[in-house]
Amino acid sequence: MSDSSSIRLRRLAAAVAVSAAVLGLAAAPAAAQPGAKPTVVLVHGAFADSSGWRDVAAQLTAQGYPVRTFDNPLRGPAGDSAALERALAGIAGPIVLVGHSYGGAVITNTHDPDVVANVYIAAFAPARGEFVQGLLNPITYPGSRLLPPALQLGVVADATGPGGSNLDGYIGEPYFHEIFAQDVDAATAADMFAHQKSAALTANLEPSGAPSWSTVPSWYLVSQQDRVIPPALQRFMASRAAPGTTTEVDAAHASLVSRPAEVTGVVVAAARATQR
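Shown next, in the form of structure tokens:
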């Protein structure tokens, strides 16, 4: 090919590219495409870390969903949700927030315009002014076994606490399997215990702010064999936060570990229902 012919071809290609851009035919970034799958952000609760989401994250990724996990500080709903909002600011496009246990209180207090759905997995979904310990009222909703001696206390270093320390709660090793995840095998429970993160006691006493579920479409998966948050309490919270989009699973508190397919199914249902 002559130099003049090569130049003409390059000029023609450039002209076609410019025309396509003007006509709106040029490919847009994936995050900006209408109907792009939302990013799923998984928020763990107390007595756990993000490793508990391993199987759910893998199943969502296999279905083409971008997945992020959030390292929940477990210091209190206001501060933890502020940290989550900072993390969400770096994500382009729609977001589905998924909270387990205390993680539900965190996503309830998170307000980001890109969040298109909340998904509660055996989680707290407080109304304004409610707090975790108050919702766990054993007179109204008996059945939680998250009590001493299973619930133990310890002083931990905490820059947000008075004098640089705080009083945290955690589940003692002899009780962890039977209370938190009685439907997994002993080896799995031991691994979960090894990844346990303690939670500030004050986190359970801090009143919740305006609930995001009042404006954001929400889904709830009740764990029928839960020994941490009584199923009746879960159903009560779900009736306010996710009326018409609540389902149940025959699982213990950590259904994300024992029943990842069912948890993934609820997340995908929420993502599809709110896909822009």
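For our numbering, add 35 to where a residue sits in the sequence shown, where the first one is 1.
Note that beta-carbon positions come from the ideal geometry of N, C-alpha and C, so glycine has one too.
Specify, as a first and last residue, the run of the alpha helix (DSSP H) that residue i falls within.
i	result
A127	Unbroken run through A127: none, as it is neither H nor E.
V167	167-170
Q275	The sequence given here places Arg at residue 275; Gln does not occur at that position. Its alpha helix (DSSP H) spans residues 266-276.
D218	It is not in any alpha helix (DSSP H) - D218 carries neither H nor E in the DSSP assignment.
S293	290-293
Do you know how far the Cα of residue j is from the Cα of residue i?
i	j	result
G164	P242	5 Å
R262	G178	7 Å
G198	A192	9 Å
R307	V301	10 Å
L95	P252	20 Å
A235	T195	10 Å
T309	Y255	15 Å
A304	E297	11 Å
T145	E120	6 Å
V78	V257	17 Å
L268	D218	20 Å
H135	F82	11 Å
A97	V75	13 Å
R275	L240	21 Å
I206	T104	23 Å
Q312	E283	A query on residue 312 cannot be resolved here, the shown segment of the chain reaching from 36 to 311 and no further.
I142	A118	11 Å
Just list the residues that DSSP pairs residue i with in beta bridges.
i	result
S253	N153
Y210	DSSP lists no partner for Y210.
A192	S200
G134	V78, Y155
Q187	Y205
A235	D203
S258	V284
If you follow the beta strand (DSSP E) that residue i is in, where does it begin and where does it stop?
i	result
F105	102-105
Q310	Here Q310 belongs to no beta strand (DSSP E), and DSSP marks it neither H nor E.
T281	281-284
Can you check whether the C-beta of residue i is within less than 8 Å of a C-beta belonging to chain B?
i	result
A235	Protein chain content of the structure displayed is limited to a single chain, and chain B is not contained in it.
*How do the region 174-189 and the region 91-110 stand: do at least 3 beta-carbon pairs fall below 8 Å, yes or no?*
no
_To test your reading of the DSSP string, which unbroken alpha helix (DSSP H) runs of 4 or more residues are found completely within the region 75-103?_
89-97
*asked:* Taking 8 Å as the cut-off, does the region 77-97 touch the region 278-295 (at least 3 CB pairs, one atom from each stretch)?
replied: yes
*asked:* Closer than 8 Å is the cut-off here; do at least three beta carbon pairs connect the region 122-138 with the region 225-233?
replied: no
_Check whether the region 146-162 and the region 263-276 are in contact - that is, three or more C-beta pairs closer than 8 Å._
Taking one beta carbon from each stretch, the region 146-162 and the region 263-276 have 3 or more pairs nearer than 8 Å; the two touch.
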